[in-house]
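Take a look at the structure set out below.
Residue numbers (the working numbering): 359 to 560.
The structure is reproduced here in structure tokens:
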């Protein structure tokens, strides 16, 4: 079995090896991410910043360039590229189709997550219940409200991924313990770096 796989790989062209490498690596990362998410229990994966940026010009760009979307983009890029090149399409056209496939899946994710976020916003979630609660940063939060990051925090019994800003003088790095001080515009958490003696409540 190993010899047949080795022989198959050896006979692939360099371009095909690149496509297969991208597809396999990012598919593995995607599966690992999915398993970790499932093992985390009842987690809200609606990317809470979706509805937070409906009224802002940079909303789509912020949602587009996330770790999850990057993984999805390259996963689709690899498999679309493999399918296109295997069917006899040239390299340039293959790259264009792969780019289109990757972009399409990310746009679809953004649209779906935005709609899910709107449904949640219209539901029972009250962000004020997050005040004084602790969580961890998922995407770093720029200092002095210089931008928006993301945090994982338990609100009303469910773990959510929500947008957050800070008034702290220094940025809050990914994985740091945070505490919610207030809510900005009813949609964004205002957080600060929490005391290390506090525990993160799951």
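Note that beta-carbon positions come from the ideal geometry of N, C-alpha and C, so glycine has one too.
Taking a C-beta distance under 8 Å as the contact criterion, residue 496 and residue 512 do not qualify as a contact pair. Residue 369 sits in coil when the DSSP states are folded into three classes, being neither helix nor strand. In the three-state reduction of the DSSP assignment, residue 522 falls in the strand class, which pools E and B.
DSSP places residue 465 in the helix class (H, G or I) of the three-state scheme. The alpha carbon of residue 540 has as its nearest neighbour, out of 534, 549, 533, the alpha carbon of 549. DSSP, read as helix, strand or coil, puts residue 543 in coil. Distance between residue 485 and residue 543, taken at the CA atoms: about 11 Å.
The beta carbon of residue 493 is closer than 6 Å to those of 509, 510, 511, 536 in its chain, skipping five residues each way along the sequence. Measuring C-alpha to C-alpha distances from residue 380 to each of 502, 439, 499 identifies 439 as the nearest.
DSSP links residue 537 through a beta bridge to 492, 550.
Here the stretch 454 to 463 lies against the stretch 429 to 445, with 3 or more beta-carbon pairs under 8 Å apart. In this structure, residue 455 sits near residue 442, with a CB-CB distance shorter than 8 Å.
The C-beta of residue 528 has fewer than 16 other C-beta atoms within 10 Å across all chains shown, which makes the residue exposed. The residues 426, 429, in chain order, have a CB closer than 8 Å to that of residue 391 in the same chain once the five nearest residues on each side in sequence are set aside.
Annotated as distal: residue 545 and residue 523, with beta-carbon spacing of 8 Å or more. With respect to the C-alpha of residue 371, the residue from 448, 393, 384 having the closest C-alpha is 448. Bounds of the beta strand (DSSP E) holding residue 507 are 507 to 513. DSSP, reduced to helix, strand and coil, places residue 424 outside both helices and strands of the structure shown, so it counts as coil. Shortest Cα-Cα distance from residue 515 to any of 361, 471, 389, 483 involves 483. In the DSSP assignment, residue 499 forms a beta bridge with 530. At least 8 Å separates the beta-carbon of residue 538 from that of residue 551.
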